[in-house]
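Below is one structure; the comments refer to it alone.
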Amino acid sequence: MTASYPNLRLRRTRASAWSRALHRETVLTPADLIWPLFVTEGEGVEEPVASLPGVSRWSVDAIARRAREAAALGIPCIALFPHTQPGRRSDDGAEALNPDNLMCRAIRAIRDACGNDIGVLTDVALDPYTSHGQDGLLDDSGYVVNDETVAVLVDQALNQARAGADVIAPSDMMDGRVRAIRMALEMGGHHNVQVMSYAAKYASAFYGPFRDAVGSGGLLKGDKKSYQMDPANGEEALREVALDLAEGADSVMVKPGLPYLDIVRRVKERFDVPVFAYQVSGEYAMIEAAAAAGAGDRDALVLETLTAFKRAGCSGVLTYHAAHAARLLGA
Ligand code: PBG
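Using full-length UniProt numbering, the first residue of the sequence shown is number 1, and each one after it goes up by one.
Put into structure tokens, the structure is as follows:
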């Protein structure tokens, strides 16, 4: 027999701040956050990204300072994305394999500045390096070829691991890439380098500002629908996750974030593995635009949305609001 009104009044436990704190089911802390950062050439450079108000590209020296700042705020991990100079982009994205590319220099600078105080996650996909803005190699018809791309992604992942990356995050959505990368990491002696796969990554309209930030937006012809998932599909996300786990992923990611919390929940319930979500650039821009338009309180929107990820089952969230949120949480 369950109680009913008036013996049961659910407002009773909500009546005071101490009681709300006591009954809170989900707690957001800075340790739940991964901070994506954009790296660019030069020294002492901060370049604001127009479509992402409050987000900048930083040169390698400055990115090391951002990493130290993150560690001091209690943020356990940062994610790096390079803005490759147009002259270094090519059809085959070969710059991804250069041991002295922007990404590798940034990883080493962060390691020098922070030691092992912070995790460094690196994105594996060719779009920051290709002249066409697609994540892989193209055949004559413009189709992104799978197996040839996987071979390059393996070398890209090894290049990042050798530079000191802690978490390899393939965001390319090629079939079979997790197994190939995991095997190469094992053979290369990188046993403790993790793989966080972008397992359920959708062909989304929310990535626009990110593509501006890495400089691939203006280059991209067509779309990414032949490899990224159809936003209408949920069952397929579970198959993608099952496959990536079978191939050796340590954790899986759902991307974008808020519009896909149902996927986060289904993945968590089905597999009970660490699930992460990426609150992507378009979501960040939407919150900033809403706040700027007076449609909501920025800080409240940030904390509410991030808490929602945890409630849905996420172990952590990639968010451009990470540093701001960590400060709000009183780190
Ligand atoms: C690269 C990649 C993208 C994002 C993360 N890694 C863009 C894309 O797939 O086109 C988007 C992140 C964001 O929008 O914040 N494959």
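All C-beta atoms in this analysis are idealised placements derived from N, C-alpha and C, irrespective of residue type, glycine included.
Could you check the C-alpha separation between LEU318 and PRO6 for me, to the nearest Å? C-alpha separation (whole angstroms): 43 Å.
Is ARG298 helix, strand or coil by DSSP? Helix.
State the Cα-Cα distance for the pair VAL39 and GLU240, rounded to the nearest angstrom. Note on geometry: alpha-carbon atoms of VAL39 and GLU240 lie some 30 Å from one another.
Is it the case that the CB of PHE276 approaches a heavy atom of ligand 1 more closely than 7 Å? Outside the cutoff, so no.
Reducing DSSP to helix, strand and coil, say where ILE168 ends up. In this structure, DSSP gives ILE168 an extended state, which the three-state scheme calls strand.
Mapping the DSSP letters down to three states, classify MET174 as helix, strand or coil. In this structure, DSSP gives MET174 a state outside helix and strand, which the three-state scheme calls coil.
With distances taken from CA atoms, which of LYS201, ARG111, ILE75, LEU238 is nearest GLN228? Out of LYS201, ARG111, ILE75, LEU238, LYS201 has the C-alpha closest to the C-alpha of GLN228.
Quick one: complete beta strand (DSSP E) runs, 3+ long, within the region 20–56? The DSSP assignment places complete beta strand (DSSP E) segments of no fewer than 3 residues inside the region 20–56 at 33–40, 46–48, in order along the chain.
Anticipated Cβ contact below 8 Å, SER59 with GLU43, distance rounded: That belief holds up - the Cβ atoms of SER59 and GLU43 are roughly 5 Å apart, short of 8 Å.
LYS224 CB to nearest heavy atom of ligand 1 below 7 Å: Yes; taking the cut-off as 7 Å, the Cβ of LYS224 has a heavy atom of ligand 1 nearer than that.
Just to confirm my understanding: we take ALA291, look at its own chain, exclude 5 residues before and 5 after, and list those with CB closer than 6 Å. What are they? Closer than 6 Å at the Cβ level, and outside the excluded window around ALA291, lie ARG298.
Alpha-carbon spacing of MET253 relative to LEU97, whole angstroms: Cα-Cα distance, rounded: 24 Å.
For ASP92 and THR130, the rounded distance between their alpha carbons: For THR130 and ASP92, the distance between alpha carbons rounds to 6 Å.
Once DSSP output is grouped into helix, strand and coil, what is the label at PRO259? In the structure shown, the three-state DSSP call for PRO259 is helix.
Are the beta-carbon atoms belonging to ILE34 and GLY316 less than 8 Å from one another? Result yes, Cβ atoms of ILE34 and GLY316 sit closer than 8 Å.
Assuming the contact rule is C-beta atoms closer than 8 Å, THR122 and ALA199 should be a hit. Round their C-beta distance to whole Å, please. Incorrect: roughly 17 Å between the Cβ atoms, too far for contact.
Taking DSSP as the reference, what is the three-state secondary structure of ALA199? If DSSP states are grouped into helix, strand and coil, ALA199 belongs with the strands.
In chain order, which beta strand (DSSP E) runs of at least 3 residues are fully inside the region 97–152? Scanning the region 97–152 for uninterrupted beta strand (DSSP E) segments of 3 residues or longer gives 119–124, listed from N- to C-terminal end.
CA nearest to the CA of ASP61, picked from VAL49, VAL275, SER4, GLU41: The residue with the shortest Cα to Cα distance from ASP61 is GLU41.
Have a look at ARG9 and LYS310 and give me their C-alpha separation to the nearest angstrom. One C-alpha to the other measures close to 26 Å.
State the Cα-Cα distance for the pair ASP230 and ALA165, rounded to the nearest angstrom. Straight-line Cα distance between these residues: approximately 30 Å.
Compare the beta carbon distance of HIS132 and LYS225 with 8 Å and say whether it is the shorter of the two. Not a contact, by the Cβ cut-off of 8 Å.
Counting C-beta neighbours from all protein chains within 10 Å, is the total for VAL124 16 or more, i.e. buried, or is it exposed? It is buried - the Cβ of VAL124 has at least 16 other Cβ atoms within 10 Å.
Residue(s) in a DSSP beta bridge with GLY316: Per DSSP, PHE276.
Just list the beta strand (DSSP E) runs in the region 185–249, keeping only unbroken ones of 3 residues or longer that don't cross its boundaries, in chain order. Qualifying beta strand (DSSP E) stretches, in chain order: 194–201.
Does the Cβ-Cβ distance between residue 338 and ARG14 come in under 8 Å? As displayed, the chain neither begins before 1 nor continues past 331, which places residue 338 out of reach and without an answer.
Just how far apart, CA to CA, sit LEU328 and MET196? Computed Cα separation, rounded: 27 Å.
Sheet register partners of PHE81 (DSSP bridge): Per the DSSP secondary-structure output, PHE81 pairs in a beta bridge with PHE38.
Can you tell me the Cα-Cα spacing of ARG162 and ASN116, whole angstroms? Taking the straight line joining both Cα atoms gives about 15 Å.
Check: PHE206 C-beta below 7 Å from any heavy atom of ligand 3: Absence of ligand 3 from the depicted structure is noted, with ligand 1 being the only ligands included.
Less than 7 Å separating the Cβ of ASP127 from some heavy atom of ligand 1? Correct: ASP127 has its Cβ closer than 7 Å to ligand 1.
Between ARG179 and ASP140, what straight-line distance do the alpha-carbon atoms span, to the nearest angstrom? Between ARG179 and ASP140, the C-alpha separation is close to 27 Å.
Give the range of the alpha helix (DSSP H) segment to which LEU73 is assigned. Segment 60–73, the alpha helix (DSSP H) holding LEU73.
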